[in-house]
Amino acid sequence: MTYRRTNIDHKKPLITVLMPAYNMELHIDQAIESILDQTFHNFELIIIDDASSDKTRNIIKAYMKKDARIKMIINKKNLKLAGSLNEGIEKAKTQIIARMDPDDISDPERLITQFKFLKEHPRVAIVGTNIQIINNEGKIISKREYPTTSAELKKIMFRYSPFAHPAIMFRKNIFEEFGGYDETMKVCEDIDLWFKIGSKYEFANIPKILLTYRLLSTSGTHSNLKTVEILGFKIKFNAIYKYHYKPSIYDILYNLLEFISLWFIPDKIRIWSYNFLRSRKLI
């Protein structure tokens, strides 16, 4: 583990970086370092330790001694992602908040690029970025590009997420307007919130790779694929009836085929085909 003594900006922070962490002793130092390496220095980093049982908390404490911008919230019991994020959002001192996972790596220009974008586009509630994906050993296995305009992003919401969740920066007041993340959901809490916020505000993505996303074999999305997709269907139906979204015929056919595939195609094949099509921008 390496440390740096930085020239800490003692002014009121302009960005809060939220990093929920559960048993991430193997990777969290690299994630923290990538935030400390940002060209934008006026931030606070709030790490929410979600009742870890390994050395995650000790690593965070060591960094806190070296950099006053780092703060830790300790959950007495495991609250999962939605609960931890809501807790962090409530404690954030700033109106601009960036997401960060404890096993990912932010590009040094990430915070300043997204911050400037939100300042220049006041109607945009959430701005994401493109990502590159690495495996557990740090090898790049793919890249993912996202549409950039709000109209494009809302067109594809019935097929896949408009954002890489760990790469977003958002406005605190808008998240609070919609009640934050639904803590009754153990998965898909992000998709649910995107539909709610998208019913009133605009989205955007910056066409640059500003986050390296680590895909672990224990990833919740892959280990609970059927649960994720069934809940996703429920969220989409709710978006149609409650928020008046109008999916296209293509969206309906896509979701129908996806639902049928749940019962007839093995998970490994469906994951591979999804990633293959996404990498070629076909879905």
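According to this note's numbering, the sequence shown holds residues 1 to 283 in order. Quick reminder that beta carbons are idealized off the backbone N, C-alpha and C, glycines included.
Exercise for the section: Check whether the segment 69-86 touches the segment 140-156, counting contact only when three or more Cβ pairs, one atom from each stretch, lie closer than 8 Å. Expected result: no
Problem - Those runs of the alpha helix (DSSP H) which lie wholly inside the segment 23-90 and span at least 4 residues - result: 28-36 and 56-66
Practice task
Throw me the rounded Cβ distance for the lysine 80 and threonine 129 pair, which I believe falls under 8 Å.
Solution key: Walking along the sequence shown from the start, residue 80 turns up at place 80. Walking along the sequence shown from the start, residue 129 turns up at place 129. About 25 Å; that fails the 8 Å criterion.
Exercise for the section: Give the DSSP-derived three-state secondary structure of arginine 110 in the structure shown. Expected result: In the sequence shown, counting from the first residue as 1, residue 110 sits at position 110. It is helical.
Practice task
State the DSSP-derived secondary structure class of glycine 220, mapped to helix, strand or coil.
Solution key: Looking up residue 220 in the sequence shown gives position 220. The predicted position of glycine 220 is uncertain, since its pLDDT is 48 and thus under 50; a value taken from the coordinates is nonetheless stated next. Reduced to three states, the DSSP call for glycine 220 is helix.
Handout entry: asparagine 136 (DSSP reduced to helix, strand or coil)
Key = Residue numbering aside, residue 136 sits at position 136 when the sequence shown is read from its first letter. Coil, per DSSP.
Practice task
Count the other C-beta atoms from every protein chain shown that fall within 10 angstroms of the C-beta of proline 102, then say buried if there are 16 or more, exposed otherwise.
Solution key: The count along the sequence shown starts at 1 and reaches residue 102 at position 102. So proline 102 ends up on the buried side.
Handout entry: Bridge partners - lysine 93, DSSP secondary structure assignment
Key = Numbered from its first residue, the sequence shown carries residue 93 at position 93. Per DSSP, none; premise fails for lysine 93.
Problem - Which of helix, strand or coil DSSP assigns to serine 142 - result: Walking along the sequence shown from the start, residue 142 turns up at place 142. Looking at serine 142 - three-state DSSP - the assignment turns out to be strand.
Handout entry: Through-space distance from lysine 236 to threonine 16, alpha-carbon basis
Key = Position 16 of the sequence shown, counted from the first residue, corresponds to residue 16. Position 236 of the sequence shown, counted from the first residue, corresponds to residue 236. Computed Cα separation, rounded: 30 Å.
Problem - aspartate 67 beta carbon less than 8 Å from that of leucine 36 - result: Counting from one through the sequence shown, the residue named residue 36 turns up at place 36. Counting from one through the sequence shown, the residue named residue 67 turns up at place 67. It is a contact, given that the beta carbons lie within the stated cut-off.
Practice task
Note down the Cα distance separating lysine 234 from alanine 62, rounded to an integer number of angstroms.
Solution key: For this step, residue 234 is matched to residue 234 along the sequence shown. For this step, residue 62 is matched to residue 62 along the sequence shown. Those two C-alpha atoms are separated by around 43 Å.
Practice task
Starting from the Cα of glutamate 33, find the closest Cα among Ile249, Asp107 and Leu253 and give me that residue.
Solution key: Taking the first residue of the sequence shown as position 1, residue 33 is located at position 33. Out of Ile249, Asp107 and Leu253, Asp107 has the C-alpha closest to the C-alpha of glutamate 33.
Exercise for the section: With a threshold of 16 other CB atoms inside 10 Å of the CB of serine 248, please say whether the residue is buried or exposed. Expected result: For the purposes of this step, residue 248 is taken as the residue at position 248 of the sequence shown. So serine 248 counts as exposed.
Practice task
With DSSP collapsed to three states, give me the class of valine 124.
Solution key: Here residue 124 corresponds to residue number 124 of the sequence shown, with the count starting at 1. The answer is strand: DSSP assigns valine 124 an E or B state.
Practice task
Could you check the C-alpha separation between glutamate 87 and aspartate 192 for me, to the nearest Å?
Solution key: One-based indexing of the sequence shown puts residue 87 at position 87. One-based indexing of the sequence shown puts residue 192 at position 192. C-alpha separation (whole angstroms): 18 Å.
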